[in-house]
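Colleague:
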Amino acid sequence: MSNRILAITGPTSGIGKSTVIELANDYDIIILLCRNIEKGEHLKTLLTEEHKNIQVEVIKCDLSDLANVMKAATQVLDHYPHIDCLINNAGVVSITRQKTIDGYELMFGTNYLGHFLLTHMLFESIMRSRDKQIIIVSSGAYKYAHIGHHNFNYPLRFNPIKSYSRSKLATLYFMQELYEQFHHCGLNVTAIHPGAVSTNLGKTKYNQKFGDFIYKIFDSMFVSPKEGAMSTIKVTKDKTLFNGAYVYEGKVTELENQGMNYYDRKRLIRETLEALQLDQFMYLSTDK
Ligand SMILES: NC(=O)c1ccc[n+]([C@@H]2O[C@H](COP(=O)([O-])OP(=O)(O)OC[C@H]3O[C@@H](n4cnc5c(N)ncnc54)[C@H](OP(=O)(O)O)[C@@H]3O)[C@@H](O)[C@H]2O)c1
60 MSNRILAITG PTSGIGKSTV IELANDYDII ILLCRNIEKG EHLKTLLTEE
110 HKNIQVEVIK CDLSDLANVM KAATQVLDHY PHIDCLINNA GVVSITRQKT
160 IDGYELMFGT NYLGHFLLTH MLFESIMRSR DKQIIIVSSG AYKYAHIGHH
210 NFNYPLRFNP IKSYSRSKLA TLYFMQELYE QFHHCGLNVT AIHPGAVSTN
260 LGKTKYNQKF GDFIYKIFDS MFVSPKEGAM STIKVTKDKT LFNGAYVYEG
310 KVTELENQGM NYYDRKRLIR ETLEALQLDQ FMYLSTDK
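Take the sequence shown: its position 167, counted from the start at 1, is 226 in the working numbering, and no numbers get skipped.
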């Protein structure tokens, strides 16, 4: 178990890209789980030119396609004996109502469900590692939604802010459930709010100009991707200090009530297992 292995989603832009660049010295192998292979290969070249001793692998992983998530996870499991740290960083904001391949609302399906399935599939190999770490890049937007009852149905009415917020609240509940069920097995799990960061989030080919305009107008309120990656990087270096916590600006931050509804969390997890046809929350072949 000499190699230290990092796997990260959404490393091809914004916060994720800054995160891997900053962490390249700390891991022996970096697995880039990307929806766009070309961007992944470009990042691989950048990393290997700078760091001669690391091994970088690019794996196609489109989190809005559950079959593709399973394929990506299988590829990781086939080639790597363990994963020290999984960073669930990828995220999407859509101002229009869109579906994933599997029929879920795009943000819920990608930001939460895709990552849930990926984590489920990689869980044993994370628990086999030395660090046993999962970092979930969530968002302070969790405050603007309740989890509600209809997340698994494609919405008839669509509010982009509420849908994004709900997907991020779901990731926070996921972190809490992982902590509750597995911290005594040595799992280190943390959720991050990176702050308001100037990235490509929310920009699509349909609204690129509008997105650039918004980021320009509010420029003074946004931090750089490098600053946005700061909490994630800090947590990788001090995993036990931040275990079970929500971290903002590098500090453990208390969640507001919306982020701590026990019954909503339990219902969400139960419904997620049903939707994904999983018979248990994460899988460990040995007794917990
Ligand atoms: N920016 C902020 O102010 C802010 C605030 C709070 C939380 N966050 C969170 O921070 C995380 C990183 O976002 P960012 O701001 O760095 O945005 P970004 O620049 O748009 O980067 C998002 C990353 O996610 C990837 N991605 C999007 N959809 C995907 C899919 N279906 N499958 C796999 N990967 C996918 C993107 O891939 P491509 O390169 O192919 O597009 C990109 O690498 C997100 O989880 C976001 O919700 C951001």
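Each residue gets a CB set at the ideal place from its N, CA and C atoms; glycine is no exception.
1. Where Val-196 and Leu-228 are concerned, what is the direct C-alpha to C-alpha distance, given to the nearest angstrom?
2. Is the beta carbon of Gly-287 sitting closer than 8 Å to the one on Ser-77?
3. Could you tell me if the beta carbon of Val-79 falls within a distance shorter than 7 Å of some heavy atom in ligand 1?
4. For Lys-158, name the three-state secondary structure that DSSP assigns.
5. Please state if the CB of Ile-146 and the CB of Thr-291 are separated by a distance shorter than 8 Å.
6. Where does Leu-246 land, buried or exposed, given buried means 16+ other C-beta within 10 angstroms?
7. Indicate, with yes or no, if ligand 1 has a heavy atom lying under 7 Å from the CB of His-138.
8. Run through DSSP, which three-state label would Asn-84 get?
9. By the three-class DSSP mapping on this structure, what secondary structure does Thr-258 have?
10. Looking at Ile-88: is its Cβ nearer than 8 Å to the Cβ of Ile-67?
11. Roughly how many whole angstroms lie between the Cα atoms of Leu-177 and Thr-133?
12. Could you please give me the residues that DSSP links to Val-117 through a beta bridge?
13. Nearest-angstrom Cα distance between Tyr-322 and Ala-149?
14. Per DSSP, Leu-145 is paired with what?
15. CB of Thr-178 to nearest heavy atom of ligand 1: below 7 Å?
16. How is the beta strand (DSSP E) around Val-306 delimited, first residue to last?
17. Can you tell me which of the three DSSP states Lys-111 falls into?
18. In the DSSP assignment, what are the bridge partners of Asn-247?
19. Rounded to whole angstroms, what is the Cα-Cα separation between Cys-244 and Phe-340?
Modeller: Let me lay it out:
1. 11 Å
2. yes
3. no
4. strand
5. yes
6. buried
7. no
8. coil
9. coil
10. no
11. 10 Å
12. Leu-91
13. 27 Å
14. Ala-66 and Ile-193
15. no
16. 305-307
17. coil
18. Gln-192
19. 14 Å
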